[in-house]
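Before any comments, here is the structure.
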């Protein structure tokens, strides 16, 4: 990386049901993030945390089947503004979540700098639900769909145009918990998905090479959205929606290293680290390991 990393915390938690995700940015910093970046010789600036307000309302709005819509939307408007300003200064954005709804703000803030931004969504879930298809009403399970222009206009209209990214530039890796409504969106939109079956059958090296080849020549930037529940919960216990059978630590580390080696990454976010559910900050430490690999650290 030639440009300075711009580190920004986005401690939003009300788009999912568990308390504690708002402590995620701090726990990642505490797990040695800056020491690792210093060891890599990287220039960076920590911009602190976006001052979001985490205020929960009671239950699901029967009109929208959404929880905490106003607060999630307001927070993501703020996140989008902060990410836009960070990017405008020329920094390479590294956003620390917070729940996965923060991707709505991240991608809204980034979208004005790219005509064809590619997105790699490393996650156990597709996050393609809408109010009418969501079994829970939790907006963190809708963030990719919102960024594709699907969902409540209060969310899709953040920073202008509805669709911030295109389905043909979107890749999901590690999916193993996908709702039926999301499967329909994947089929209709033609979104490229690599499931755990693909990883087990072909290996993570083949999956990453195929994904990078798929994006090659189509995009003018690549954003990684890394949900720690995308990694097997044996390695990342501190997250609110764990799904067994995910990529191993070694597979996830290799995937991050391959992204670095490809030289295509223009921004990243790491989300859903919840220290209140964690075991001795293990999940935050894994998050730091992944970030270090993403920016060039090698184990040998």
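Numbering (the UniProt record's numbering), first residue to last: 1 to 300. A virtual CB, placed ideally from N, CA and C, is assigned to each residue, including glycine.
Residues bridged to residue 94 by DSSP?
-> 7, 268
Exposure label - residue 289; buried when at least 16 CB within 10 Å = buried
Nearest-angstrom beta carbon gap, residue 269 and residue 103 [assumed within contact, 8 Å] = 6 Å
Just how far apart, CA to CA, sit residue 281 and residue 85?
-> 31 Å
Under 9 Å between the Cβ atoms of residue 170 and residue 118?
-> yes
Same chain only: Cβ atoms within 6 Å of residue 46, ignoring 5 sequence neighbours per side | 7
Could you check what DSSP says for residue 203 in three-state terms: helix, strand or coil?
-> coil
Got a sec? Which residues, its chain only, sit under 6 Å from residue 279 by beta carbon, not counting five neighbours each side?
-> 237
Is residue 221 closer than 9 Å to residue 264 when the C-beta atoms are compared?
-> yes
Inter-stretch contact at 8 Å, needing at least 3 Cβ pairs: the region 125-140 / the region 63-74 | yes
Selection from 273, 75, 3 that minimises the alpha carbon distance to residue 44 | 3
What's the gap between the Cα of residue 1 and the Cα of residue 65?
-> Confidence is the limiting factor: at residue 1 the pLDDT is only 41, short of 50, which leaves the residue's position unreliable and the question unanswerable from this model.
In this structure, what does DSSP give as the bridge partners for residue 239?
-> Residue 239 pairs with nothing; no bridge assigned.
8 Å CB neighbourhood of residue 298 in its chain, flanking five on each side removed = 257
State whether the region 93-103 contacts the region 198-205, with contact taken as three or more CB pairs (one from each stretch) at a distance under 8 Å.
-> no
Is the region 78-92 touching the region 172-192, taking contact as three or more C-beta pairs under 8 Å?
-> no
Apply the 10 Å Cβ neighbour rule to residue 240 and answer buried if 16 or more other Cβ atoms are within range, or exposed otherwise.
-> buried
Whole-number beta carbon distance between residue 24 and residue 94, since they are thought to touch under 8 Å | Not really, about 13 Å apart at Cβ, beyond 8 Å.
Residue range of the alpha helix (DSSP H) that residue 294 falls in?
-> 282-294
CB-CB under 8 Å to residue 18, same chain, minus the five flanking residues each way: which ones, in chain order?
-> 240, 274, 276, 277
Look up residue 192 in the DSSP assignment and give the residues it is bridged to.
-> 171
Under 9 Å between the Cβ atoms of residue 120 and residue 10?
-> no
Locate the alpha helix (DSSP H) running through residue 27, then write down its first and last residues.
-> 24-30
Member of 168, 167, 149 whose CA lies at the smallest distance from the CA of residue 161 | 149
Sub-9 Å separation of residue 225 and residue 123 beta-carbons | yes
Taking C-alpha atoms, which residue in 184, 165, 30, 213 lies nearest to residue 115?
-> 165
Pair within 9 Å by beta-carbon distance, residue 52 and residue 74 | yes
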